[in-house]
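A.B. asks:
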Amino acid sequence: MTQTSHDLILFYDGCCPLCVAEMKKLANADTNDAIEFINIQNSVDMSEYPNVDPDYANRILHAIDNNGTLLLGLDVTYKAWDTVGKGWLFKPLTWSWVRFFADPVYLWFAKNRYSISAFFTGKARCESCQVGRLKD
Numbered sequence: 496m497t498q499t500s501h502d503l504i505l506f507y508d509g510c511c512p513l514c515v516a517e518m519k520k521l522a523n524a525d526t527n528d529a530i531e532f533i534n535i536q537n538s539v540d541m542s543e544y545p546n547v548d549p550d551y552a553n554r555i556l557h558a559i560d561n562n563g564t565l566l567l568g569l570d571v572t573y574k575a576w577d578t579v580g581k582g583w584l585f586k587p588l589t590w591s592w593v594r595f596f597a598d599p600v601y602l603w604f605a606k607n608r609y610s611i612s613a614f615f616t617g618k619a620r621c622e623s624c625q626v627g628r629l630k631d
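Okay, so the sequence shown: first residue is 496 according to the working numbering, each after it adds one.
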């Protein structure tokens, strides 16, 4: 794995318009450059992380924290926003009674994100929504 100075390495789907929009919001909030964003659709970038399976990362959000711990799904969402100082907004995702409902909803969303993107943006997929750094 590549050595990084970031607090979190976040793996996202760069061909999903909704995913890219969310990552841009997160990147813009990341004023300390604490998160490294890795597009799972970019095989060159993914080759730096042989322990992350791109197919599995395409089904559920992945991140690696600065301790080398692999985080998945809603744990990534909370950790990412907490890293940029907005964890309080997503803290309920760490509560077990919320997770009981939120985890299945998240997994349904992840599985159907291209259809959901098409409904909300008019584009199910894009060849590469993200070129270069995510910050505007």
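All C-beta atoms in this analysis are idealised placements derived from N, C-alpha and C, irrespective of residue type, glycine included.
Just to confirm, are A575 and L503 a CB contact at a threshold of 8 Å?
C.D. replies: Position 80 of the sequence shown, counted from the first residue, corresponds to residue 575. Position 8 of the sequence shown, counted from the first residue, corresponds to residue 503. The answer is yes: Cβ separation under 8 Å.
A.B. asks: From A605 to A529, what distance separates their C-alpha atoms?
C.D. replies: Within the sequence shown, residue 605 is the residue found at index 110, counting from 1. Within the sequence shown, residue 529 is the residue found at index 34, counting from 1. The alpha-carbon atoms of A605 and A529 are separated by roughly 25 Å.
A.B. asks: Assess, as a yes-or-no matter, whether the region 527-546 is touched by the region 584-602 under the definition of 3 or more beta carbon pairs within less than 8 Å.
C.D. replies: No, they do not touch.
A.B. asks: Less than 8 Å between the C-beta atoms of V620 and C514, yes or no?
C.D. replies: By 1-based counting over the sequence shown, the position of residue 620 is 125. By 1-based counting over the sequence shown, the position of residue 514 is 19. Here residue 620 is Arg; the residue named in the question, Val, does not match the sequence. The answer is no: Cβ separation not under 8 Å.
A.B. asks: Pick from P549, L569, N561 and N562: whose alpha carbon is nearest that of V593?
C.D. replies: The sequence position of residue 593 within the sequence shown is 98, counting from 1. If we check each option's Cα against that of V593, L569 comes out closest.
A.B. asks: Going by the DSSP bridge assignment, what does F506 pair with across the sheet?
C.D. replies: Position 11 of the sequence shown, counted from the start, is the residue given in the question as residue 506. Looking at the DSSP assignment, F506 forms a beta bridge with I533 and H557.
A.B. asks: Should F615 be labelled buried (16 or more other beta-carbon atoms within 10 Å of its own) or exposed?
C.D. replies: In the sequence shown, the residue the question calls residue 615 occupies position 120. Answer is exposed; the Cβ neighbour count stays below 16.
A.B. asks: Taking S612 as the reference, which of E517, L588, S542 and W590 has the closest Cα?
C.D. replies: The residue labelled residue 612 in the question sits at position 117 within the sequence shown. Closest by alpha carbon: E517.
A.B. asks: L569 lies in the alpha helix (DSSP H); which residues open and close that run?
C.D. replies: Taking the sequence shown and counting its residues from 1, the one referred to as residue 569 is at position 74. L569 -> alpha helix (DSSP H) spans L569 to T578.
A.B. asks: Report yes if the C-beta distance between L566 and D560 is below 8 Å; otherwise report no.
C.D. replies: If you number the sequence shown from 1, residue 566 lands on position 71. If you number the sequence shown from 1, residue 560 lands on position 65. Going by C-beta atoms, L566 is nearer than 8 Å to D560.
A.B. asks: Starting from the C-beta of L556, find all residues in its chain whose C-beta is less than 6 Å away, skip the five residues before and the five after it, and write them out in chain order.
C.D. replies: By 1-based counting over the sequence shown, the position of residue 556 is 61. Excluding residues within five positions, the ones whose Cβ falls inside 6 Å are G568 and V571.
A.B. asks: Spatial neighbours of V626 within its chain, please: CB distance less than 6 Å, with the 5 preceding and 5 following residues excluded, ordered by chain position.
C.D. replies: Along the sequence shown, read from residue 1 onward, the residue named residue 626 stands at position 131. In this prediction, V626 scores a pLDDT of 48, lower than 50, which makes its location untrustworthy; the coordinate-derived value is nonetheless stated afterwards. No residues qualify anywhere along the chain.
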